[in-house]
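So the structure is just underneath, and the comments pick up after that.
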Amino acid sequence: MGEKNYGKSVRAKLLNISKAEKLGYQLIVIRYIQERLLYRLSQSRFREKLFLKGGALLYALEQFRARPTLDIDFLGDKISRDKEFVKMAFEEICAVSCPEDGMTFDTESISAEEITVNKEYHGIRLHVTARLDTIRQVISMDIGFGDVITPKPEELDYPVLLKETPAVNIMAYSLETVVAEKFQAMIDLAEENSRMKDFFDVYRILESNKVNEEMLQQAITATFSNRETGYKPDHILFAEEFVKSPTRIAFWKGFLRKIKYTEELSFETVMTVIKERLQGYWENL
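Letter 245 of the sequence shown, counting from 1, is numbered 680 in my numbering, and no numbers are missing.
Here is the structure:
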């Protein structure tokens, strides 16, 4: 009965946030569910083994101004890559009790499957059913393996939607490593690249002036070496034909519409910043 009352109260507060921030209620609920899952991770023995990355990390660093994300990405470190072990780990994480946040995660509902990320990087995708009062929502988590974080994972105080809920302190990627991995994907995918979110994210991070240039060089060197990506001259990424491709520009405009980004931002502007800031690192590999 107590948990149900907490749930009703939380739902009402999230609805108020939705109205005040003029954001979709479902998006706010998903953000809350993810936040409370991360809280449970922070209280588990796997806090030092699962490092937050991806859209949920950028969403947190920009205090919810970044593009929304519907899943949570982690790097698994010093943890078995066995699918059943990872499933067991999340059963343990989801079983952490926190009545005051109104959330429950159905440990019996957790499923796990092997996935391929970026061609050769294998990982595991999990789904779990979360409940908040009468709301039932399935969320997903992707766990990758084998990547390197430069200089090391960083502590992150994940922003909470409701101040009365317990704080969330987890381990996460450095911004320099976020840029390095997305840049490596741009180089690797070359002309086949339609992942506009990577260009958007890297542009936003570089323009935020929160990146340490020396550390960025180290992160790019480490990531490219780890992913066996060596320098090749005249890469298409830095060519005018790449920037001015009508197909790519159409993809870009479609991406901005999808994330409801209303500011004026051309693909050419984004690529100018990426070229100016990153081409030198590429040529010095």
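All C-beta atoms, glycine included, are put in the ideal place defined by N, C-alpha and C.
Cβ distance (whole Å) where Pro601 is taken to contact Tyr474 below 8 Å: Translated into positions along the sequence shown, residue 601 becomes position 166. Translated into positions along the sequence shown, residue 474 becomes position 39. Pro601 to Tyr474, Cβ: 6 Å. Contact.
With 16 other Cβ atoms within 10 Å as the buried cut-off, status of Gly437: In the sequence shown, the residue the question calls residue 437 occupies position 2. For Gly437, the predicted structure reports a pLDDT of 42, less than 50, and the residue's modelled location is therefore unreliable. The matter cannot be settled from this model.
Three-pair Cβ contact test at 8 Å for the stretch 605-619 versus the stretch 578-593: At 8 Å Cβ cutoff, the stretches touch.
Beta-bridge partners of His562, as assigned by DSSP: Counting from one through the sequence shown, the residue named residue 562 turns up at place 127. Answer is Ser546, Ser575, bridged to His562.
Three-state class that DSSP yields for Met436 in the structure shown: Locating residue 436 in the sequence shown gives position 1, counting from the first residue. Residue confidence is low: Met436 scores 42 on pLDDT, short of 50, so the model does not pin down where it sits. Its coordinate-derived value is still stated next. DSSP, read as helix, strand or coil, puts Met436 in coil.
Extent of the continuous beta strand (DSSP E) to which Ile605 belongs: Taking the first residue of the sequence shown as 1, we reach residue 605 at position 170. Segment 603-607, the beta strand (DSSP E) holding Ile605.
Terminal residues of the beta strand (DSSP E) in which Asp506 lies: Stepping through the sequence shown from its first residue, residue 506 is reached at position 71. First-last of the beta strand (DSSP E) with Asp506: 506-511.
C-alpha distance - Phe520 paired with Ser544, whole-angstrom precision: Start at 1 with the first residue of the sequence shown, and residue 520 comes out as number 85. Start at 1 with the first residue of the sequence shown, and residue 544 comes out as number 109. Each residue's Cα considered, the two are about 16 Å apart.
Residue burial classification, Arg683 (beta-carbon count within 10 angstroms, cutoff 16): The sequence position of residue 683 within the sequence shown is 248, counting from 1. Looking at its Cβ environment, which holds 16 or more other Cβ atoms inside 10 Å, Arg683 is buried.
Residue span of the alpha helix (DSSP H) that contains Asp592, given as start and end: As a position in the sequence shown, residue 592 is number 157, starting the count at 1. Per DSSP, Asp592 belongs to no alpha helix (DSSP H); it is in the beta strand (DSSP E), 589-593.
Own chain, CB closer than 8 Å to Ile640, minus 5 neighbours either side, in chain order: Position 205 of the sequence shown, counting from 1, holds the residue named residue 640. Result list for Ile640: Leu493, Leu610, Val613, Val614, Val646, in chain order.
Bounding residues of the alpha helix (DSSP H) (the contiguous stretch that carries Phe677): On the sequence shown, residue 677 is found 242 positions in, with the first residue counted as 1. Element bounds for Phe677: 675-678.
Status (buried if at least 16 other CB within 10 Å, exposed otherwise) for Leu450: Here the question's residue 450 lines up with position 15 in the sequence shown. By the 10 Å Cβ count, Leu450 comes out exposed.
Element boundaries [alpha helix (DSSP H), containing Phe525]: On the sequence shown, residue 525 is found 90 positions in, with the first residue counted as 1. Its alpha helix (DSSP H) spans residues 518-529.
Contacts around Lys454, its chain only, beta-carbon distance under 7 Å, and the 5 residues preceding and following it disregarded: Walking along the sequence shown from the start, residue 454 turns up at place 19. Counting only Cβ-Cβ distances below 7 Å, and skipping sequence neighbours, we find nothing.
Between the CA atoms of Met621 and Asn628 - distance to the nearest angstrom: Numbered from its first residue, the sequence shown carries residue 628 at position 193. Numbered from its first residue, the sequence shown carries residue 621 at position 186. So the alpha carbons of these two residues sit roughly 7 Å apart.
Local conformation of Leu485 per DSSP, three classes: Translated into positions along the sequence shown, residue 485 becomes position 50. Here Leu485 sits in strand by DSSP.
Contacts around Ser546, its chain only, beta-carbon distance under 7 Å, and the 5 residues preceding and following it disregarded: Reading the sequence shown from its first residue, position 111 is the one you call residue 546. Excluding residues within five positions, the ones whose Cβ falls inside 7 Å are Leu561, His562.
Spatial neighbours of Lys710 in its chain, beta-carbon cut-off 6 Å, leaving aside the 5 residues before and after: In the sequence shown, residue 710 corresponds to position 275, counting from 1. Contacts found: Phe673.
8 Å contact criterion, which Val445 and Leu624 should meet: CB distance rounded: For the purposes of this step, residue 445 is identified with residue 10 of the sequence shown, where counting begins at 1. For the purposes of this step, residue 624 is identified with residue 189 of the sequence shown, where counting begins at 1. Between Val445 and Leu624 the beta-carbon gap is near 41 Å, outside 8 Å, which marks them as no contact.
Residue of His557, Cys529, Leu505 minimising C-alpha distance to Ser515: Locating residue 515 in the sequence shown gives position 80, counting from the first residue. It is His557 whose Cα lies nearest to the Cα of Ser515.
Beta-bridge pairing of Ile570 - partner residues as DSSP gives them: Position 135 of the sequence shown, counted from the start, is the residue given in the question as residue 570. Partner(s): Leu567.
6 Å Cβ shell around Gly489 - same chain, five flanking residues per side excluded: Taking the first residue of the sequence shown as position 1, residue 489 is located at position 54. Cβ within range, chain order: Asp508.
Selection from Pro681, Ile570, Val595 that minimises the alpha carbon distance to Lys443: Reading the sequence shown from its first residue, position 8 is the one you call residue 443. Nearest C-alpha to Lys443: Ile570.
Through-space distance from Lys679 to Ser701, alpha-carbon basis: For this step, residue 701 is matched to residue 266 along the sequence shown. For this step, residue 679 is matched to residue 244 along the sequence shown. C-alpha separation (whole angstroms): 11 Å.
Range of the contiguous alpha helix (DSSP H) that encloses Asn644: Sequence index remark: in the sequence shown, residue 644 carries index 209 (1-based). Per DSSP, Asn644 belongs to no alpha helix (DSSP H) and is neither H nor E.
Neighbourhood of Ile671 by C-beta, 6 Å cutoff - its chain only, sequence neighbours within 5 removed: Locating residue 671 in the sequence shown gives position 236, counting from the first residue. Counting only Cβ-Cβ distances below 6 Å, and skipping sequence neighbours, we find Ala625, Glu626, Phe677.
Opening and closing residue of the alpha helix (DSSP H) in which Leu691 lies: Residue numbering aside, residue 691 sits at position 256 when the sequence shown is read from its first letter. Start and end: 681-693.
Spatial neighbours of Ala447 in its chain, beta-carbon cut-off 7 Å, leaving aside the 5 residues before and after: Translated into positions along the sequence shown, residue 447 becomes position 12. For Ala447, where only same-chain residues beyond five positions count, there are no Cβ hits under 7 Å.
DSSP three-state assignment for Thr658, whether helix, strand or coil: For the purposes of this step, residue 658 is identified with residue 223 of the sequence shown, where counting begins at 1. Reduced to three states, the DSSP call for Thr658 is helix.
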